[in-house]
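Each remark here refers to the structure printed beneath this line.
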Amino acid sequence: MLLSELEERGRRFKLALRAGIPVLILIFLVFYTTISTNETLTFSLQNVFLIVAITFITIYFIYFLMNASVKETLLDQATQGFNQKAFAKRLQDSKPKTLALIIIKNLSTISQNYGDGEVDAVLYTIIQKLNLKFQQEGLDKALIGRRYGAEFIIALDEKHADLEKILKEFTQENVIINNIEV
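Just so you know, my numbering puts 49 at position 49 of the sequence shown, and the rest follows in order with no gaps.
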């Protein structure tokens with residue numbers, strides 16, 4: 001699994017907690033006040049209005065957080081790697097020692113010949129295979145992001161003498177991806 005996917009999963013879990021805990025507290029308070037008064041709950045106009053209002057506010061709150069989550073995503077939708085904005089933020093935070101850029105020169109030709117769906121599949125496969133290659137070489141914390149359509153940026157926290165060799169091997173091993181010459 002890509003580092004970006006792990007971080008996005010963690011971010012979404014925290015968001016679920018931010019949405020769920022206030023809702024659970026609200027439900028607990030409503031039931032607590034109902035039980036502590038030793039009265040039966042009657043469905044008067046006032047109580048129905050309060051239940052509808054609480055339900056509406058809860059749904060709106062969860063919708064608002066979900067909408068904010070979509071805008072704040074760390075992932076590039078096609079590759080599941082870091083998007084450009086998230087990658088730039090990670091660069092500022094971690095200040096890696098090594099950067100590399102991979103450019104797929106014939107991406108526009110692939111798009112014209114095979115369509116956008118196949119381009120997305122090729123990009124996804126490239127980033128997954130690149131991540132696997134780094135893991136095989138012991139580089140588990142490699143940041144992989146998509147800069148523009150055909151550009152991938154790689155950041156490593158440590159200097160790796162064989163990075164150029166690893167990338168050359170990767171390009172030689174992956175000349176054809178999904179039966180498409182890259």
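Glycine included, every Cβ here is placed at the ideal spot set by N, Cα and C.
What do you reckon, are the CB atoms on residue i and residue j nearer than 9 Å?
i, j, result
"arginine 146", "asparagine 83", "yes"
"leucine 2", "isoleucine 104", "no"
"leucine 101", "phenylalanine 152", "yes"
"threonine 197", "alanine 53", "Residue 197 lies beyond the stretch modelled for the chain, which goes from 1 to 182, so this question has no answer here."
"glutamate 5", "glutamine 80", "yes"
"serine 94", "arginine 11", "no"
"isoleucine 27", "valine 122", "no"
"alanine 88", "aspartate 120", "no"
"glutamate 8", "leucine 75", "yes"
Apply the 10 Å Cβ neighbour rule to residue i and answer buried if 16 or more other Cβ atoms are within range, or exposed otherwise.
i, result
"aspartate 162", "exposed"
"asparagine 131", "buried"
"arginine 90", "buried"
"leucine 45", "exposed"
"leucine 139", "buried"
Residues bridged to residue i by DSSP?
i, result
"glycine 10", "Glycine 10 is not bridged to any residue."
"threonine 98", "Leu156"
"glycine 145", "Phe82 and Ile153"
"isoleucine 177", "Ile180"
"isoleucine 103", "Glu151"
"leucine 75", "Phe82"
I'd like the list of long-range same chain contacts for residue i, defined as Cβ closer than 8 Å, with 5 residues on each side in sequence excluded.
i, result
"proline 96", "Leu143, Ala155, Leu156 and Asp157"
"lysine 141", "Leu3, Leu156 and Asp157"
"lysine 159", "Lys97 and Thr98"
"asparagine 174", "Ile126, Lys129 and Val182"
"tyrosine 148", "Gln84"
Got a sec? Which residues, its chain only, sit under 6 Å from residue i by beta carbon, not counting five neighbours each side?
i, result
"leucine 99", "Ala155"
"alanine 19", "Ile62 and Leu65"
"serine 111", "Val119"
"isoleucine 51", "none"
Considering only residues of the same chain and omitting the five flanking positions on each side of residue i, which have a CB-CB separation below 7 Å?
i, result
"phenylalanine 170", "Leu130 and Lys133"
Flag residue i as yes if its beta-carbon sits less than 9 Å from any beta-carbon of chain B, otherwise no.
i, result
"alanine 16", "No chain B appears in the structure shown, which is made up of a single protein chain."
**Study point:** Three-pair Cβ contact test at 8 Å for the region 105-123 versus the region 154-169
**Key:** no
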